Amino acid sequence: MKRLWSPWRMKYILNNKTKGCVLCKMPDENKDRKNYMLYRSKYNYVIMNIYPYNNGHLMVVPYKHTDTIEGLDDAEIADFMKLTGKSVAALKKAFSPDGFNIGMNLMESAGAGIEAHIHMHIVPRWNGDTSFMPVLFETRVIPEHLDDTYMRLLPFFLKSPRIPRHTKNKNKTKTKRQLQKATIEQ
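Laid out in structure tokens, this is it:
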């Protein structure tokens, strides 16, 4: 049996003391750049993983707080998969990876770091991207700063309209240009 060992996530596990669900709070903060949120749709959003397994590691997250796939309705699941495909397309254009690992860790025994809120991982892979560093030195080599990765990926997500999170005042609709400017300013 092979095991996936990711000691660099220990910092996250030990420091995860946030009250409530971090994946529910992020969209409501309206700080997309600070939170590395790349895209919002009606039912889900795309965010960069701040503890990535590899450079460009993205997650698709439903707004609905659920720990099971069956907790999402058909429209939410369809959008979830559509954003997974959109994420793969953006990563292909921005990074030209050789492949991808795509999947979910459902529940603690499957390796879920945030088990109360499902999310899809999209991890770009390159031939030869595994090395001795994680095994011997508990160190993961991520060659690009998260801020730089965010700015590299953002244009590929801005080509489609971003749907703002549901707000009480639904009459304030922003143009694509206003959304781009607001995202970059955050």
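So the sequence shown is numbered by numbering that gives the first Met the number 0: it starts at 0 and just counts up by one.
Every residue, glycine too, gets a C-beta built ideally from N, C-alpha and C.
None of these values were measured; they are calculated from a predicted model.
Inset, instruction - Take N126 as the anchor and find which of E69, P96, L22, L71 has the nearest alpha-carbon. - result: Along the sequence shown, one-based indexing puts residue 126 at 127. For N126, the nearest C-alpha among the options comes from P96.
Inset, instruction - State the Cα-Cα distance for the pair A111 and A77, rounded to the nearest angstrom. - result: Numbered from its first residue, the sequence shown carries residue 111 at position 112. Numbered from its first residue, the sequence shown carries residue 77 at position 78. Inter-residue distance for A111 and A77 is about 22 Å (C-alpha atoms, whole angstroms).
Inset, instruction - Would you tell me roughly how many angstroms separate the C-alpha atoms of G98 and N104, rounded to the nearest one? - result: Taking the first residue of the sequence shown as 1, we reach residue 98 at position 99. Taking the first residue of the sequence shown as 1, we reach residue 104 at position 105. Put simply, the backbone Cα of G98 is about 19 Å away from that of N104.
Legend entry - A107 versus I113: straight-line alpha-carbon distance, rounded: Locating residue 107 in the sequence shown gives position 108, where the first residue counts as 1. Locating residue 113 in the sequence shown gives position 114, where the first residue counts as 1. As written in the sequence, residue 107 is Glu, which differs from the Ala given in the question. CA-CA distance, E107 to I113, rounds to 8 Å.
Inset, instruction - Provide the residue span of the beta strand (DSSP E) that contains M103, from first to last. - result: Within the sequence shown, numbered from 1, the residue matching residue 103 stands at position 104. From DSSP, M103 is part of no beta strand (DSSP E); its letter is neither H nor E.
Legend entry - DSSP three-state assignment for K18, whether helix, strand or coil: Residue 18 sits at position 19 when you count from the first residue of the sequence shown. The three-state secondary structure of K18, taken from DSSP, is coil.
Legend entry - D147 versus I68, M47, Y52, residue with shortest Cα-Cα distance: What you label residue 147 is simply residue 148 of the sequence shown in a count that begins at 1. Its Cα nearest to that of D147, the residue M47 stands out among I68, M47, Y52.
Inset, instruction - Compare the Cα-Cα distances from I117 to each of K30, F79, P51, D27 and report the closest residue. - result: For this step, residue 117 is matched to residue 118 along the sequence shown. When only C-alpha atoms are compared, the closest one is F79.
Legend entry - Option in N100, K63, L71, D72 with minimal Cα separation from G84: Within the sequence shown, residue 84 is the residue found at index 85, counting from 1. With distances taken between Cα atoms, G84 lies closest to N100.
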